[in-house]
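Sequential numbering of the sequence shown, starting at 7, is according to my numbering.
Using N, Cα and C, we set each Cβ at its ideal position, and we do this for glycine too.
If you're wondering where the values come from, they're calculated on a predicted model, not measured in any experiment.
Below: the structure, in structure tokens.
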Amino acid sequence: MGATGLSKDALHVYVGMGVLLGAAWLGRWRVGDWRPLLAVLLVALAGELWDLIDNIRTNAPMQWRGHGKDILNTLFWPTVLTLLAQTRLFRRS
């Protein structure tokens, strides 16, 4: 898509992971903390709001399933990493 050559679905995955790791780093939070995941959710919702506004502006049909899929694509791996980070698997002794 555009300059990256990636599909829209792949971009959502990369953005979600980037926001999770970036928020954890900037906030000095653990990845297992809920705050980086909240940042991912807020960015995903903001992106879909932007898409909705663009659809209204251009009189394009609403793609509700597509918006839901985009939010799930953005949140899936950050949620998995957050949950894994809360287990003993990723904790130091």
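Scanning Thr93, Gln92, Trp83 for the CA closest to the CA of Gly24 turns up Trp83. Exclusion of the five residues before and after Glu54 leaves His73, Asp76, Ile77 as the residues of its chain whose Cβ lies within less than 8 angstroms of its Cβ. In the structure shown, Ala29 falls within a helical segment according to DSSP collapsed to helix, strand and coil. Here the alpha carbons of Ala30 and Leu90 stand approximately 15 angstroms from one another. With fewer than 16 neighbouring CB atoms inside 10 Å of its own CB, Ala9 falls in the exposed class.
The continuous stretches of alpha helix (DSSP H) do not include Ala66, and DSSP gives it neither H nor E.
Assignment of Trp35 by DSSP, reduced to helix, strand and coil, places it in the coil class.
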